[in-house]
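There are 2 protein chains.
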Amino acid sequence: MLMTVKVQPPKTRIQRKNTQAILDAALEVFSRQGFRGATLDQIAAEAGLSKPNLLYYFPSKEAIHVSLLTELMTTWLDPLRDLDPDGEPVEELMTYVRRKLEMSRDFPRESRLFANEILQGAPRMIGALEGELRDLVEEKSAVIRDWIAAGKIADLDPHHLLFSIWALTQHYADFDVQVRAVLGPGHDPLDEAGRFLDGLFARLLRPE
Amino acid sequence: MLMTVKVQPPKTRIQRKNTQAILDAALEVFSRQGFRGATLDQIAAEAGLSKPNLLYYFPSKEAIHVSLLTELMTTWLDPLRDLDPDGEPVEELMTYVRRKLEMSRDFPRESRLFANEILQGAPRMIGALEGELRDLVEEKSAVIRDWIAAGKIADLDPHHLLFSIWALTQHYADFDVQVRAVLGPGHDPLDEAGRFLDGLFARLLRPE
DNA sequence: TCCTGTTTTGACCAACTGGTCAAGAACACG
DNA sequence: CGTGTTCTTGACCAGTTGGTCAAAACAGGA
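From first to last, the protein sequence lines stand for chains R and G.
At position 26 of the first sequence (counting the first as 1) the number is 26 in my numbering, and the numbers step up by one without a gap.
If you want my numbering, it's the position in the second sequence, counting the first as 1, plus 1000.
This is the structure we're talking about:
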């Protein structure tokens, strides 16, 4: 039997526009409400589409969520992937910190989406965490360990050094509301954080 | 007109037991699902009570949530309140870090409840953040600034130093799943974090 | 213009949600 | 042991939720 299989449906202009609007709206809603707290009606309203129309483009609420998480996982790790074993160690790590903080500034919704998923026990991401992420961390930890052995940076456990970078940078996206409430008006939290973390890691990484 | 007003209803043994069971169950559910994602049925099941019975002890779902947040706000800030202006600066701050990390170890659900609330934009907490929390931070920031001026600790912006402590310690409760996925089995994340953060802050706070 | 495939939607559904209520069960205490 | 109070529950309700479907509206190429 001969079949014409649409392996990769050639997206029309209209399809691209609408799937993009849906994903953007879903990011907005999921990142604030979490998966269970978000509703298709909210997403549809945010996207400017009707609910049945959403479900013309995605088979289910879960499919939208998974789509966002998958896309996120791909781009989220780019800065770490780019950590160059042959670069200047301190500069490489400082660049990593800076890029992570830029992501908190430019993509806070993505950061919150991720945080929400982890807080809920990562039901839809645990595989990627134990696979992709773990492998990448293992690889880069080895690089960091080499740098330490070579006396290029201070002796800090690579895993927890990475956790620290994640915690410190993502905090400014995930806890943005708290940071702003504490600082009060007239502050640019992410600008201040940039200078603060620069100083912090410069001092921390320097070998004694 | 004479009225017998129950200002503070004298809680019976049964009332104490059940309200406690409800709050405990609600903490479990809210901390994972967030306010919108949690359901009274889940909480009731977790508490081993029927849904109407929950609503005999609390007037609404929101009342349970508010009750948890209020209680949390009181105890959550204790370690910071105890920061003693007359103590030895480095030791005071190291103690603060240690106590915060202990709270991540002993009360991870409370930490996640808080994180969930902030992620959602802190709709029920923004007042406390801009009031209580802000005041306390302002007070302790002044103390830290004095310590810096006296050359007792390194020159670090007090606000962002506090943010760093919060980020680094709470990360181990809120992102527990991720931390464990990355480390793999055979690790005690919070024990390792204790040693790591001890070294990190010891080096960081030491005046140059 | 017509025709075929794509896109959109109103009406609908079953399951779930927070919450009510009246009546019964368990309790405390004279 | 009787009786007033506290506690518990099954049945119920209106609104919401994720999802379906058939039919209508809309492309856009021939």
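Ideal Cβ positions, reconstructed from N, Cα and C, are used throughout, including at glycine.
- Legend: CB atoms of the segment 1087-1120 of chain G lying less than 8 Å from CB atoms of chain R belong to residues Arg1112, Ala1115, Asn1116, Ile1118, Leu1119 and Gln1120.
- In chain order, Leu1129 place their CB closer than 8 Å to the CB of Ala1122 of chain G, counting only its own chain and leaving out the 5 sequence neighbours on each side.
- Judged by beta-carbon spacing, Pro1085 of chain G lies within the 7 Å limit of Val1143 of chain G, meaning their Cβ atoms are closer than that value.
- Closer than 7 Å to the CB of Gln33 of chain R there is at least one CB belonging to chain G.
- Less than 7 Å separates the beta-carbon of Phe1030 of chain G from that of Leu1113 of chain G.
- Nearest to Glu1110 of chain G by C-alpha distance, out of G:Thr1039, G:Leu1077, G:Arg1013 and G:Gly1127, is G:Leu1077.
- Here Leu49 of chain R really is in contact with Asn18 of chain R; their C-beta atoms are around 7 Å apart, less than 8 Å.
- For the segment 1138-1171 of chain G, the beta-carbon criterion of a distance under 9 Å to any beta-carbon of chain R is satisfied by Glu1138, Ala1154, Asp1155, Leu1156, Asp1157, His1159, His1160, Leu1161, Leu1162, Phe1163, Ser1164, Trp1166, Ala1167, Leu1168, Thr1169, Gln1170 and His1171.
- Collapsing the DSSP output to three states places Met1073 of chain G in a helix.
- Taking the Cα positions, Ser1067 of chain G is about 29 Å away from Gln1178 of chain G.
- In this structure Leu55 of chain R does not touch Arg124 of chain R by the C-beta definition: roughly 19 Å separates them, more than the 8 Å allowed.
- Here DSSP, grouped into helix, strand and coil, assigns Glu1208 of chain G to coil.
- Pairwise C-beta distances place the segment 1201-1208 of chain G in contact with the segment 1146-1163 of chain G, as three or more of them are shorter than 8 Å.
- Counting only runs of 4 or more residues that sit fully inside the segment 57-103 of chain R, the alpha helix (DSSP H) segments are 61-76 and 78-81, in chain order.
- Under the 7 Å criterion on CB atoms, Gln1020 of chain G is classed as non-interfacial with respect to chain R.
- Per the Cβ contact rule, the segment 182-193 of chain R is not in contact with the segment 89-98 of chain R (fewer than 3 Cβ pairs under 8 Å).
- Within chain G, no C-beta atom comes nearer than 7 Å to that of Ala44 of chain R; the closest sits roughly 17 Å away.
- With 16 or more other CB atoms across the displayed protein chains lying within 10 angstroms of its CB, Asn116 of chain R is buried.
- Counting of Cβ neighbours within 10 angstroms places Ala1063 of chain G among the exposed residues, the total staying below 16.
- As the crow flies, the alpha-carbon of Ala44 of chain R is around 48 Å from that of Arg145 of chain R.
- DSSP assignment within the segment 117-182 of chain R yields the following whole alpha helix (DSSP H) runs of 4 residues or more, N-terminal first: 134-149 and 158-174.
- The Cβ of Phe196 of chain R sits closer than 7 Å to at least one Cβ of chain G.
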